[in-house]
Amino acid sequence: MALTLFLLALVYLLFVGFLVMLDVGTLLILAIVGAILLVQYFFSDRMVLSTMGARLVSEETEPHLYQVLTRLSSIAGMPRPRLAIVNSPVPNAFATGRNPSRSVVTVTTGLVRILNPDELEAVIAHELSHIRNHDVVVITLATFLSTIAFTIFRNWFLFGIGDRDRRASSLMLLPLVAGTTWVVSHLLILALSRYREFTADRGSAVITGRPSHLASALAKISGLMERVPRRDLREVEGMNAFFIIPAISGSSFFNLLSTHPPVEARIAALVRIEQEMEA
Amino acid sequence: MGLRDLLDAVLGTTRLPEADSDRLFAISTAVVTMQTSLDLEPSGSAGLCFKPIESSGSAAVRAEIEDLLNITARETSSAFRIVTDAYHFNWVILEDPDFEDLVSGIHIVSQTLIERGLGAYLLCAVFRFGRDRRVYWIYNFKQGRYYPFVPLSDSTRDAAFEFRLRSLLERELPIENEVERWYPLWGIPL
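Residue numbers (the working numbering), protein chains in the order written: chain C, 1 to 279; chain Z, 1001 to 1190.
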């Protein structure tokens, strides 16, 4: 984990160093970096919620789910997030929001229907752990430079127009360096988000005191994910395709499953936690 | 946010806040004001709500609590029962006409859970007032503070009366300042 963060920082420093050395449109780059970071920081949660078709629900309409949220966040010692629901048969859940007091936990109707109350509680605790660990901010920070590198890679011809003669040779290097930065940082981010999934699983086990509930929820969801009709899966795929910038797709929010560690590995980790708790 | 919290956030460590039972006894003095100013008698029942966890230790603690309460029941005129609610949380419910005994009973059970390392899973203690209507004071162990809860039905509450309770008792009880934390607890089994 520490190594991943270190390598990520190193890649970014090298990339920024290269941009500075290039001396091309540094101000422009900084402006873009700043703007994208701000937009992501302030609007990514709303963007994710609206593209997923999630609607915020009140405590009056969903007293049971809110009661689960209340009790778990009380045990975790954190402010209670709001709840949103997506009308979809695909069982899934995710957390959004830049800080714990502005967070939203979203569940799909499919998740509520398929899981029993204990399993649902475990999944909600998993999302609460993401919020508690500030995972949205961690991943946003980790991805934003990666996003810039990707943007430059895609639009490198826009940079340094008018200066073509003077720095033609270094401009040739720009897409190469930007592309490499993007690929390497993206791989590191995947490792980082896998790590955050494991820690959120552990967090769920600590909050509920029952690791087996999350394990059984994961088994249930993953088994079902394979059996849902193609149409529904395409809906989910289409959602991902909407985000052209990779930083926002699947990383500024947390799909319970699409964030990479195989379910078997997560269930095995939960079994180990259960043995620890028993000891 | 302290350094340790920051480190926890970076590494993703989940550490649950421990229970704080220091101010639980404050309810003992508040009972007089409840009677004189509001004409609300204690109902004679109180409850402790906690999350049962998955370990053999948890079952042993439950047995220990039952033993403890059986002994107490013989000494005083109290009765107890342990129930599981719709959210699979456990409730230790004590019945005793003597309010002091009720408070100390709740305290003893909460201490037992804390000593056995289950303090982090203590959700709250609840004291009921009123015979016909339900007026609750809920003690949140994480905050170490009380808040009023007056349910009218399964999902509505008498907010006006709750605010009145706060203004009448804020000098005697450590009341939660942030109203956002006055979380309802539907279907309290007492």
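Glycine is no exception: its CB is placed at the ideal position from the N, C-alpha and C atoms.
{"Query": "Start and end of the beta strand (DSSP E) containing G987 (chain Z)?", "Result": "No answer is possible for residue 987 (chain Z): the residues shown for chain Z start at 1001 and end at 1190."}
{"Query": "Consider the Cβ of H126 (chain C): report whether some Cβ of chain Z lies at a distance smaller than 8 Å.", "Result": "no"}
{"Query": "A1026 (chain Z) lies in the beta strand (DSSP E); which residues open and close that run?", "Result": "No beta strand (DSSP E) holds A1026 (chain Z); DSSP gives it neither H nor E."}
{"Query": "Any chance the region 1116 to 1134 of chain Z sits against the region 1067 to 1077 of chain Z, with 3 or more Cβ pairs inside 8 Å?", "Result": "no"}
{"Query": "Would you please verify whether the beta carbon of L1007 (chain Z) is less than 8 Å from any beta carbon of chain C?", "Result": "no"}
{"Query": "Is the CB of E1162 (chain Z) under 8 Å away from at least one CB in chain C?", "Result": "no"}
{"Query": "Measure the Cβ-Cβ separation of L72 (chain C) and E121 (chain C) and say whether it is below 8 Å.", "Result": "yes"}
{"Query": "Which chain Z residues sit within Cβ distance under 9 Å of M277 (chain C)?", "Result": "I1053, E1054, S1055, G1057"}
{"Query": "Give the range of the beta strand (DSSP E) segment to which F1089 (chain Z) is assigned.", "Result": "Premise fails: F1089 (chain Z) is in no beta strand (DSSP E) and is neither H nor E."}
{"Query": "Skipping 5 residues on each side, what residues in its chain have a beta carbon closer than 6 Å to that of G203 (chain C)?", "Result": "S129"}
{"Query": "Can you tell me whether P1097 (chain Z) is buried or exposed, with buried defined as 16 or more other CB within 10 angstroms of its CB?", "Result": "exposed"}
{"Query": "Buried or exposed for S1167 (chain Z), please, with buried defined as at least 16 other CB atoms from any protein chain shown within 10 angstroms of its CB.", "Result": "exposed"}
{"Query": "Taking Cβ-Cβ distances shorter than 8 Å, what residues in chain C pair up with L1123 (chain Z)?", "Result": "R71, S74, I75"}
{"Query": "Starting from I1082 (chain Z) and walking both ways along the beta strand (DSSP E), at which residues does that stretch end?", "Result": "1079 to 1084"}
{"Query": "Please tell me whether F254 (chain C) has its Cβ less than 8 Å away from any Cβ of chain Z.", "Result": "The predicted model places F254 (chain C) with a pLDDT of 46, which falls under 50 and marks its position as unreliable, so this point remains unresolved."}
{"Query": "Taking the straight line between their C-alpha atoms, what separation do you get for T1156 (chain Z) and Y1146 (chain Z)?", "Result": "20 Å"}
{"Query": "Is the beta carbon of A215 (chain C) sitting closer than 8 Å to the one on V271 (chain C)?", "Result": "yes"}
{"Query": "Below 8 Å, can you find three or more Cβ-Cβ pairs linking the region 76 to 86 of chain C to the region 97 to 106 of chain C?", "Result": "yes"}
{"Query": "Can you look up L1095 (chain Z) in the DSSP assignment and give me helix, strand or coil?", "Result": "The amino acid occupying residue 1095 (chain Z) in the given sequence is Glu; Leu does not appear at that position. Reduced to three states, the DSSP call for E1095 (chain Z) is strand."}
{"Query": "Say whether chain Z places a C-beta atom closer than 8 Å to the C-beta of D118 (chain C).", "Result": "yes"}
{"Query": "Using the beta-carbon count (16 or more within 10 Å), is T1036 (chain Z) buried or exposed?", "Result": "exposed"}
{"Query": "For the region 180 to 214 of chain C, which residues have a beta carbon sitting closer than 9 Å to at least one beta carbon of chain Z?", "Result": "Y195, R196, F198, T199, A200, R202, G203, S204, A205, V206, I207, T208, G209, R210, P211, S212, H213"}
{"Query": "Is T1014 (chain Z) closer than 8 Å to R132 (chain C) when the C-beta atoms are compared?", "Result": "yes"}
{"Query": "Which ranges does the alpha helix (DSSP H) cover as unbroken runs of at least 4 residues, wholly within the region 184 to 231 of chain C, from first to last along the chain?", "Result": "211 to 227"}
{"Query": "Can you give me the Cβ contacts of Y1136 (chain Z) inside the same chain, cut-off strictly under 6 Å, excluding the 5 residues immediately before and after it?", "Result": "V1126, R1128, F1149"}
{"Query": "What are the residues in the region 1083 to 1097 of chain Z lying within 9 Å of chain C by C-beta distance?", "Result": "A1086, Y1087, H1088, F1089"}
{"Query": "Going residue by residue through the region 52 to 119 of chain C, where are the continuous beta strand (DSSP E) segments of at least 3 residues, counting only ones entirely within it?", "Result": "54 to 57, 82 to 86, 93 to 96, 104 to 108"}
{"Query": "Which ranges would you report for the alpha helix (DSSP H) in the region 1104 to 1175 of chain Z if only whole runs of at least 4 residues count?", "Result": "1159 to 1169"}
{"Query": "Quick one: which chain B residues come within Cβ less than 7 Å of S129 (chain C)?", "Result": "The chain inventory of the structure shown lacks chain B, comprising the protein chains C and Z."}
{"Query": "Three-state secondary structure (DSSP) at G1055 (chain Z)?", "Result": "What sits at residue 1055 (chain Z) in the sequence shown is Ser, not Gly. If DSSP states are grouped into helix, strand and coil, S1055 (chain Z) belongs with coil."}
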